[in-house]
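Student: Counting along the sequence shown from 1, when you hit position 124 you're at 123 in numbering that gives the first Met the number 0, and nothing is skipped either side.
We treat Cβ as the ideally placed atom computed from N, Cα and C, and that holds for glycine.
Below you'll find the structure I mean.
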Amino acid sequence: MNPDLDLALARVIRAPRATVWSAWADPSRLERWWVPAPSRCRVDRLDLRPGGAFVTRLSDGGGEFVPHLDACFLAVDPGERIVFTNAVDGTWRPAHPVPVAMTATITLGDHPEGTDYRLVVRHGDPEARALHEKLGFADGWGTVVGQLAALSESADPRGASAEGGDPR
């Protein structure tokens, strides 16, 4: 990690890696945690493989779903690592994402209490990193990782919610 260009977040999620992975790989589960509540997410495309599309929409306050993320997966190691970028869209076209172009790497590791979840978001220059941080990287990504943890920690090992409800 380059501290001049990258932002990072780490958390122990008290659930097996397979459960955390399922929350990433299943569109209906991803929709439950991917954007900070009370906003809602709709997954338009989740092709979790290198070169696959990652396209989501966002609804605030019950309004219309609008474009949120149009990205491309660069690397996928099932159960271990996901790398995606919004600098290339889901159709492999160069993109100019707002507010910043980034490449995110999510790694899942074993931890005595569950899953060691690590996120590094890379930026092209210090200004983009600073803007992302100023816009609330820690709060936004921290919130969604908290929601991912709540969903995963309330799930049984098969990936179904133990309580049957939305963790938010």
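1. From this set, Gly108, Asp88, Gly61, Met0, which residue's C-alpha is nearest Val54's C-alpha?
2. Classify Ser21 as buried or exposed, calling it buried when 16 or more other Cβ atoms lie within 10 Å of its own Cβ.
3. Can you tell me where the beta strand (DSSP E) holding Gly113 begins and where it ends?
4. How would you call Trp32, buried or exposed, if buried means at least 16 neighbouring beta carbons within 10 angstroms?
5. Quick check: what's the CA-CA separation for Glu162 versus Pro125?
6. Within a Cβ cutoff of 6 angstroms, which residues of the same chain sit near Val120, ignoring the five residues on either side of it in sequence?
7. Quick one: Cα of Ala36 to Cα of Val19, how far?
Tutor: Looking at the coordinates:
1. Asp88
2. buried
3. 113-121
4. buried
5. Residue placement at Glu162 cannot be trusted, given a pLDDT of 40 that sits under 50; the coordinates are not used to answer.
6. Leu6, Met101, Ala103
7. 19 angstroms
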